[in-house]
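Below is one structure, written out as structure tokens, with a few remarks after it.
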Amino acid sequence: MTRYVLTGIDGSPQSEAAALWAAAEARRRGCALRLLHAWPWLDAGDENVSRPGDLRPRALDALRGIGDRIRHDHPDLPVEVAVLSDDPVDGLIAAAKGQELLVLGSRGLGGFAGLLVGSVGLAVAAGTPIPTVLVRFGQAPTERPAAVEATREVLVGLDGREPGDAVVEFAAAEAELRGCRLRVVHGWDLLPAWAYGGLMPPLVDPVEQEAVQAALISPVLTGLRAKHPGVDIVEDIRLGGGARALLEAATHADLVVVGRREHHHRLGPRLGPVAHAVLHHCAAPVAVVPHP
Numbered sequence: 003m004t005r006y007v008l009t010g011i012d013g014s015p016q017s018e019a020a021a022l023w024a025a026a027e028a029r030r031r032g033c034a035l036r037l038l039h040a041w042p043w044l045d046a047g048d049e050n051v052s053r054p055g056d057l058r059p060r061a062l063d064a065l066r067g068i069g070d071r072i073r074h075d076h077p078d079l080p081v082e083v084a085v086l087s088d089d090p091v092d093g094l095i096a097a098a099k100g101q102e103l104l105v106l107g108s109r110g111l112g113g114f115a116g117l118l119v120g121s122v123g124l125a126v127a128a129g130t131p132i133p134t135v136l137v138r139f140g141q142a143p144t145e146r147p148a149a150v151e152a153t154r155e156v157l158v159g160l161d162g163r164e165p166g167d168a169v170v171e172f173a174a175a176e177a178e179l180r181g182c183r184l185r186v187v188h189g190w191d192l193l194p195a196w197a198y199g200g201l202m203p204p205l206v207d208p209v210e211q212e213a214v215q216a217a218l219i220s221p222v223l224t225g226l227r228a229k230h231p232g233v234d235i236v237e238d239i240r241l242g243g244g245a246r247a248l249l250e251a252a253t254h255a256d257l258v259v260v261g262r263r264e265h266h267h268r269l270g271p272r273l274g275p276v277a278h279a280v281l282h283h284c285a286a287p288v289a290v291v292p293h294p
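Positions 3 to 294 (the working numbering) are the ones given, in order, by the sequence shown.
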């Protein structure tokens, strides 16, 4: 059975950047690439054009144009195109089932300069059954100076209370594919104490507490190093919440990996607060990995 890296195309520069990123990822994984466009009225015609009913062939032509560019750059990569007459969120989530990876461009919310992901990207990342990567515009693979190349890293956030094996395993495999370092980031906070006068400074020694946090995540790191002996795995324990720690560490990241619990909220699939914050504010590509 052919394994696919999927990428959603909506005609925006962001989605084209995602397609180029996905092509490089598909080659690394030995997968085929499938370019998808989903829109509910592809077969219903368009009253604003001279030829009603021509939305599907026009969408296919646009996808083929991107596919031809990718084939030129990667002649050995199998590339397929498909259009889906469906809601973009529902169509992409359905198409992702059983596939390797889904890659999307991140269209930010207009008017909010600090928010880098739009509603479709958030909804898909919250609902897909497979890892989903959000790629920023301008992040297609490029040649980088040797000094920068030497500092390449995959970052993964690790919560000591819920190791999320699928999340750290995905990150380790990505670092192995890229031949780069894996940085495991664990952020922690000093909790204030209550007294009659209100909040008091924390009563714990930060140095001792950092040692406690290191012991908390040590079993996960030991297991990772045993499974991936060829990967340089670096422990990075930082004072600060999980999202803040990841964002601060992401300067040279090839990819930032966060987890998402698979259980559904009563209002529908939801991203956790760390994944939500990192998606909105991290400049590097972000992979959201579902886990139990």
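Using N, Cα and C, we set each Cβ at its ideal position, and we do this for glycine too.
Given residue i as reference, the closest of the options once Cα atoms are compared
i	options	result
L94	A127, E18, L79	A127
E212	G242, H230, L184	G242
M304	A34, G10, E18	With the chain covering only 3 through 294, there is no way to say anything about residue 304.
A177	W41, D161, A255	A255
D92	I235, V135, T130, R31	T130
H76	A84, Q101, R66, L22	L22
L62	G10, G32, A20, R31	G10
V187	V291, P42, D78, E237	E237
C-alpha gap between residue i and residue j, whole angstroms
i	j	result
L223	G159	12 angstroms
D70	R183	33 angstroms
E210	H282	33 angstroms
A286	V137	7 angstroms
E250	A24	25 angstroms
D161	A96	30 angstroms
V156	S87	36 angstroms
I2	P59	The requested residue 2 is not part of the displayed model; the chain covers only 3 to 294.
A20	G181	21 angstroms
Q101	T134	11 angstroms
P80	Q215	45 angstroms
R73	G232	31 angstroms
E264	I132	10 angstroms
V169	R31	17 angstroms
L179	G225	19 angstroms
C284	R185	16 angstroms
V291	R154	21 angstroms
P221	D167	12 angstroms
A217	Q16	41 angstroms
Beta-carbon proximity of residue i to residue j, cut-off 8 angstroms
i	j	result
L104	A98	yes
H230	G261	no
R29	E82	no
I235	R227	yes
H39	V85	yes
V258	A252	yes
F172	A26	no
Close-in-space but distant-in-sequence residues of the same chain around residue i (CB under 7 angstroms, 5 per side omitted)
i	result
R246	G189
I68	I11, E18, A21, L37
V122	P90, V91
A175	none
Residues of its chain near residue i, where Cβ-Cβ distance is below 8 angstroms and the 5 sequence neighbours each way are ignored
i	result
A124	Correcting the residue identity first, residue 124 is Leu in this sequence and not Ala. Excluding sequence neighbours, L124 sits near L273, H278, L281.
A64	I11, G13, H39
D191	L241, G242, G243
R66	V83
P42	S87, D88, D89
L248	L157, G159, V187, G189, V258, V260, V276, V280, C284
Below-8 angstroms beta-carbon distance, residue i vs any chain B residue
i	result
A84	The structure shown contains no chain B, having only a single protein chain.
Residues of its chain near residue i, where Cβ-Cβ distance is below 6 angstroms and the 5 sequence neighbours each way are ignored
i	result
P275	none
R5	C33, E102
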